[in-house]
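Chemist:
Residue numbers (the numbering used here): 1056 to 1392.
1. Provide the residue span of the beta strand (DSSP E) that contains residue 1103, from first to last.
2. Looking at the structure shown, is residue 1159 part of a helix, part of a strand, or coil, going by DSSP?
3. Over the uninterrupted beta strand (DSSP E) stretch that includes residue 1151, give me the two end residues.
4. Which of helix, strand or coil does DSSP assign to residue 1198?
5. When we look at the beta-carbon of residue 1261 and count the other beta-carbons within 10 Å, is it buried (16 or more) or exposed?
6. Using the C-alpha atoms, what's the distance from residue 1319 back to residue 1377?
7. Residue 1261 by DSSP, collapsed to three states: which one?
8. Going by the C-beta, is residue 1082 closer than 7 Å to any heavy atom of the ligand ATP?
9. So is residue 1076 buried or exposed if we call it buried at 16+ other beta carbons inside 10 Å?
10. Which same chain residues end up closer than 8 Å to residue 1084 when comparing Cβ atoms and leaving out the 5 residues on each side of it in sequence?
11. I need the straight-line Cα distance from residue 1371 to residue 1186, nearest angstrom please.
12. Does the contact criterion of 3 or more C-beta pairs under 8 Å hold for the stretch 1130-1146 versus the stretch 1178-1197?
13. If you check the beta carbons only, do residue 1245 and residue 1215 fall under 8 Å apart?
14. What separation, rounded to the nearest whole angstrom, lies between the Cα atoms of residue 1205 and residue 1247?
15. Per DSSP, which one or two residues make a beta bridge with residue 1467?
16. With C-beta atoms as the reference, is residue 1271 less than 8 Å away from residue 1213?
17. Suppose contacts are defined by Cβ-Cβ distances below 8 Å. Is residue 1151 in contact with residue 1163 by that definition?
18. With the cut-off set at 8 Å, would you say residue 1217 and residue 1269 are in Cβ contact?
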């Protein structure tokens, strides 16, 4: 990420480096819970996340630093369409597969990934390009809200089928944030938000699986041995950490109780090992990342660069916080006291 064509924002890179380092440490510690259960799976997880995930991520970061960001604008439509096609590829037999009750994964040569991650960034790139092209015309319904609605409808057709409601909400929230920054009238944004809420409500009403997820979200204690098990165990882990935590590598919950401690439950491991203070440090780093990225956007030489930077950080921050329910933090405070 650059503030000008040839100048790197060092503070932004420092924050990214700190988050990356903390993430690697917690991931290694959380993965010890996998080692206790399945040694072969442990080494597979380390290879896929550290060697492939971290390695490819660093290569990608280097390439993004070297490639002029205007390249992304030039090929934004192609990138968006390609990301839609690869996300839809999860429904191709013998290529996509189900995990955890949802058809969200693709496996190629023993390596699996969720293509929706490409769709998220493909959407941000193309929508930033569209809004920068429309400029002041985004205040007109047909140049602002209408194309956004078309994009969301296409994305919804794929993600609702999987189903992956969380990713749809993240993309919609990011798009609404980009519309707001672009100067779209608030009444239009409010209308889109209400429409999305109505659509999700209707989908939940007709989908028992989603009804169960909503019940679990509202009341984690409703089914502590079933659908609420992960949330309950995560809260126990967070409470066990108290103020300063048990210490690095000392989590107990990751060995026998937390499902996928290296994945969905990794924040609970961090809270147990580093306590309330460690959790606040992580939140402070994310806040610093957001502030730094917005500064990059403000200093960008054109509208596309500004929207691209702000869109990406809204996506990352929203996704990071969506993984941690507000009730988790409030109960962490209660346990700590």
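Backbone N, C-alpha and C fix where the C-beta goes; we use that ideal spot for every residue, glycine too.
Modeler: According to the structure shown:
1. Counting along the chain, residue 1103 falls outside any beta strand (DSSP E), and DSSP gives it neither H nor E.
2. strand
3. 1151-1154
4. In the structure shown, residue 1198 sits in coil (DSSP, three-state: anything other than H, G, I, E or B).
5. exposed
6. 11 Å
7. Looking at residue 1261 - three-state DSSP - the assignment turns out to be coil, as it is neither helix nor strand.
8. This structure does not include the ligand ATP; it has no bound ligands of any sort.
9. exposed
10. Counting only Cβ-Cβ distances below 8 Å, and skipping sequence neighbours, we find 1303, 1304, 1306, 1309, 1324 and 1328.
11. 20 Å
12. yes
13. no
14. 12 Å
15. Residue 1467 cannot be examined here, being either before or after the span of the chain that is shown, 1056 to 1392.
16. Annotated as distal: residue 1271 and residue 1213, with beta-carbon spacing of 8 Å or more.
17. no
18. no
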